[in-house]
Amino acid sequence: MADPLEWARPRSDRPADEGAAIVEFIALSLLLLVPLLYLVVTLSRIQAGAFAAEGAAHEAARAAVVTGVASREHGSSRETAMAAGASRAEAAVALVADDFRFDSDDASLALSCEGPCLEPGGNVDAEVTVVVALPGIPGFLTGALPLSVDVVGSARAPVDSVVNDQ
Numbered sequence: 001m002a003d004p005l006e007w008a009r010p011r012s013d014r015p016a017d018e019g020a021a022i023v024e025f026i027a028l029s030l031l032l033l034v035p036l037l038y039l040v041v042t043l044s045r046i047q048a049g050a051f052a053a054e055g056a057a058h059e060a061a062r063a064a065v066v067t068g069v070a071s072r073e074h075g076s077s078r079e080t081a082m083a084a085g086a087s088r089a090e091a092a093v094a095l096v097a098d099d100f101r102f103d104s105d106d107a108s109l110a111l112s113c114e115g116p117c118l119e120p121g122g123n124v125d126a127e128v129t130v131v132v133a134l135p136g137i138p139g140f141l142t143g144a145l146p147l148s149v150d151v152v153g154s155a156r157a158p159v160d161s162v163v164n165d166q
């Protein structure tokens with residue numbers, strides 16, 4: 001009669017599986033964790049670009065209004081005041097881009113006015129585009145794959161209706 005527990009005894013003709021589980025665990029961990037880590041790093045960089053674009057747009061619109069209105073109060077023409085405001089807005093965008101560790105060349109600014117520029121009751125609109133380079137992709141793939149994502153932020157700053165008479 002055959003032994004009923006024969007199936008439970010190890011057979012000497014089969015190779016031993018000792019240590020195979022740790023190898024499988026390490027291989028599967030690498031296959032799953034490396035892409036997941038890249039996804040987290042990439043999404044974090046894109047989110048930083050979104051924060052940079054929104055923050056830069058807000059600060060640029062505010063800087064353009066404050067500088068432009070101050071210039072107008074000191075007797076400058078509308079064009080000169082808007083140029084001074086645009087210059088200050090560009091500096092604000094560069095500063096915010098630097099804070100988020102983006103090159104200032106990767107951020108572009110477009111200013112526009114609703115109604116007459118820098119007049120009480122008007123608005124100054126700022127739109128900032130930040131080019132976010134995808135991390136870890138070599139430059140020789142430039143023609144084959146998109147290597148960057150454009151993130152756009154916009155803001156509007158009102159021009160105060162009360163102007164100081166000094």
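166 is the number that UniProt numbering gives the last residue of the sequence shown; the numbers go up by one with no jumps. All residues carry an ideal CB built from backbone N, CA and C; glycine is no exception.
Residue i burial status per 10 Å Cβ neighbour count (16 or more: buried)
i, result
"Ser71", "buried"
"Gly143", "exposed"
"His58", "buried"
"Phe100", "buried"
"Phe25", "exposed"
"Val93", "buried"
"Phe140", "exposed"
"Val41", "exposed"
"Val23", "exposed"
"Gly153", "buried"
Best match in the options for proximity to residue i [C-alpha to C-alpha]
i, options, result
"Arg45", "Leu109, Leu147, Pro158", "Leu147"
"Ala56", "Val130, Val65, Asn123, Thr42", "Val130"
"Ala155", "Leu141, Ala110, Glu119", "Ala110"
"Leu39", "Val93, Gly122, Ile137", "Ile137"
"Gly49", "Pro158, Gly139, Val132", "Val132"
"Ser76", "Leu118, Glu127, Ala89", "Leu118"
"Ser104", "Leu33, Ala53, Leu37", "Ala53"
"Pro135", "Ala27, Leu33, Leu43, Leu28", "Leu43"
"Glu90", "Pro35, Leu36, Val34, Thr67", "Thr67"
"Phe102", "Pro120, Gln47, Ala21, Cys113", "Gln47"
DSSP bridge partner residues for residue i (one or two, in chain order)
i, result
"Val149", "Val132"
"Arg156", "Asp125"
Expected contact under 8 angstroms - CB spacing of residue i and residue j to nearest Å
i, j, result
"Ala107", "Gly85", "With a Cβ gap of about 17 angstroms, Ala107 and Gly85 do not count as contacting."
"Val159", "Val65", "6 angstroms"
Next item on the list: Could I get the ranges of all uninterrupted beta strand (DSSP E) runs contained in the region 92-137, with 3 residues as the minimum, in chain order?
Entry: 107-114, 123-133
Item checked: Residue ranges of each beta strand (DSSP E) within the region 17-53, 3 or longer -> none
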